[in-house]
Every structure is written in structure tokens, then in C-alpha cells.
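Student: This is the structure I want to talk about, given as C-alpha cells.
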Ligand code: ATP
């Protein structure tokens, strides 16, 4: 479904992605694991095309020079030159790190904003689906985003991304700062979304352990480079990987 080859991203002279190649097949959940600053968000910005917006903004403000190289094929087409809005329309939807919901809007308004590209029928069906996956949100429809807990905000961020009708959902560190219980709820919901909606998912996390049970395949990023990859079982059965990356 998506294949990225030789991705390189420089922030000025700082190499944030170093020749990264990853792929996500139809109906797969692919994990990308790495420590702070490994390049996870940069990778998500590059796949979603947001990096182009960041690059232009910096250029116009006379800020840092950002260079992006490599190829991304999505559903058989090269999309590296495609704007992020076009990529979103084609089904690549980013749920960014640290939630980024509209804090002054209520839950329902946040979800409706997410569905602005959807047809009225799609928006209605998806709203029902979001409330099925996250029943807590249905009860909180009128609650202002900024007053939600971290876990509720993350549910809302994923719900809003679903409203945009993704075929490939990019989840950037959805578990960051959440309680173990909330992490279990979100990991379960992520799997449910793939199983029920057939959405392919790339999920990044600093700690692989909570997410590993649901991924089909995973990549490990270190200092901007993909240093290791394999199926869940291959990674789990490698003793060095287990102790170094999964804490088990
Ligand atoms: P985290 O878990 O902290 O979010 P990450 O794996 O998502 O980390 P990135 O945010 O992609 O990592 O950052 C990769 C590297 O690029 C880091 O060294 C970071 O400091 C640097 N970096 C990220 N954004 C910029 C920027 N706009 N300008 C300069 N350097 C940046």
C-alpha cells in the first residue's frame, strides 16, 4: 500500500532521517519504534507530506533550510511531490504527536472538523463508528476539548482522524504520557479499527512493549536510521532485541 525508499531529511545540516526505507501493506499494522529524537515524527511528517508545509514556512520566514529526499509510492503512485492536503484526500491521514485537538471546540465540533472532506453520509456513519470504538466520547460530546483528560484527548484525536476517511492512518506516539490502563484501551481500539474498517496503520512509539502484540511488522529507528526490521515474532524471538528494545 505504501512503500518509502531512501528517505533523507535534513534540518539545515542535521540529518534527521538517514536513508530510511519502510513499507506498510494493505490491512497491516506496522510499528516504528525508537527513542526520543530517533526521527519518528520526522518520518510521519514526511509520509503525510506535512514536512513540505514546515519546509515552506521556514523558507518564507527565512528560518532553517529543510531538505527532503527519497521516494514514496502509495497505491501504486509516486506521491513525494504531492501536497499534504492531496495525500489526506487520497487517504493518508496523520494523527499527530501530542494530540493537537482544537482545545476551544467541543468534542462533537472537533469530530465534525475532521470530517470536512467526507460526504454527509460518510460523516454520519463514521461519527457513529467513532462513538462505538470510543463510547466515552459519546458521553462527552459537548465537553470542551481543553477540559478532556489526556486519554480522552487522544481518543478524540484518533476519532477526528477517522472522520477524514483514512485508508492509511499514521498514529504518532498515541500512548505518550498516558496511564497503562488508557494505553490498553487505545491499543485495543487501534486493532479494532484495522480489523473492522480495514484501515492500514503505521504507529510510532518510544516503547514497543504495549504496541508489539498488535503489530504485524516493525522497524526500529536509531539516530534517524532504520537499524532493524522484522515481523512481530522475528523481533520477539531475537533475545538481543528483546532486552535492548522491549525491556523483556
Ligand atoms: P520524540 O519522541 O522526541 O518526538 P522523534 O523520534 O519523533 O522524537 P523527531 O522529532 O523526528 O524525533 O526529531 C529527529 C531529530 O531532528 C531530533 O534530533 C530533533 O531534535 C531534530 N529536529 C526535529 N525537528 C526539527 C526542526 N524543526 N529543526 C531542527 N531540528 C529538528
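Numbering (this note's numbering), first residue to last: -17 to 230. All C-beta atoms in this analysis are idealised placements derived from N, C-alpha and C, irrespective of residue type, glycine included.
1. As a quick exercise: from 19, 222 and 59, pick the residue whose alpha carbon is nearest that of residue -14.
2. Write down the C-beta distance between residue 92 and residue 153 rounded to the nearest angstrom, noting that I regard them as a contact closer than 8 Å.
3. Find out if the Cβ-Cβ distance for the pair residue 202, residue 15 is shorter than 7 Å.
4. If you count every other CB in all the chains shown that lies within 10 Å of the CB of residue 148, and 16 or more means buried, which is it?
5. Report the three-state DSSP secondary structure of residue 111 (helix, strand or coil).
6. Tell me whether the beta-carbon of residue 140 lies closer than 7 Å to the beta-carbon of residue 77.
7. From the DSSP output, read off the bridge partner residues of residue 87.
8. Any heavy atom of the ligand ATP closer than 6 Å to the beta-carbon of residue 189?
9. Taking just the CA atoms, how far does residue 75 sit from residue 225?
10. With DSSP as the reference, label residue -8 as helix, strand or coil.
11. Please work out which residues of its chain come closer than 6 Å, Cβ to Cβ, to residue -11, disregarding the five sequence neighbours upstream and downstream, and give them in chain order.
12. Could you tell me the alpha carbon to alpha carbon distance between residue 17 and residue 174, rounded to whole angstroms?
13. Just checking, does the region 42 to 50 make contact with the region 116 to 131 on the three C-beta pairs under 8 Å criterion?
14. According to DSSP, is residue 198 part of a helix, a strand, or is it coil?
Tutor: Taking the structure as given:
1. Residue numbering aside, residue -14 sits at position 4 when the chain shown is read from its first letter. Selected option, being the one with the closest Cα: 59.
2. Counting from 1 along the chain shown, the entry for residue 92 is found at position 110. Counting from 1 along the chain shown, the entry for residue 153 is found at position 171. The C-beta distance from residue 92 to residue 153 rounds to 17 Å, too long to fall under 8 Å, and the pair is not in contact.
3. As a position in the chain shown, residue 202 is number 220, starting the count at 1. As a position in the chain shown, residue 15 is number 33, starting the count at 1. It is a contact, given that the beta carbons lie within the stated cut-off.
4. Against the chain shown, residue 148 aligns to sequence position 166. Burial call: buried.
5. Residue mapping note: residue 111 aligns to position 129 of the chain shown, counting from 1. The answer is helix: DSSP assigns residue 111 an H, G or I state.
6. One-based indexing of the chain shown puts residue 140 at position 158. One-based indexing of the chain shown puts residue 77 at position 95. The beta carbons of residue 140 and residue 77 sit closer together than 7 Å.
7. Looking up residue 87 in the chain shown gives position 105. According to DSSP, residue 87 bridges with nothing at all.
8. In the chain shown, the residue the question calls residue 189 occupies position 207. For the ligand ATP, not one heavy atom lies less than 6 Å from the Cβ of residue 189.
9. Counting from one through the chain shown, the residue named residue 225 turns up at place 243. Counting from one through the chain shown, the residue named residue 75 turns up at place 93. Answer to the nearest angstrom: the Cα atoms are 33 Å apart.
10. As a working mapping, residue -8 is identified with position 10 in the chain shown. Judged by DSSP in its simplified three-state form, residue -8 adopts strand.
11. As a position in the chain shown, residue -11 is number 7, starting the count at 1. The answer, listed in chain order, is -1, 2, 28 and 52.
12. As a working note, residue 17 is residue 35 in the chain shown. As a working note, residue 174 is residue 192 in the chain shown. Answer to the nearest angstrom: the Cα atoms are 27 Å apart.
13. no
14. Position 216 of the chain shown, counting from 1, holds the residue named residue 198. Three-state DSSP puts residue 198 in coil, outside helix and strand.
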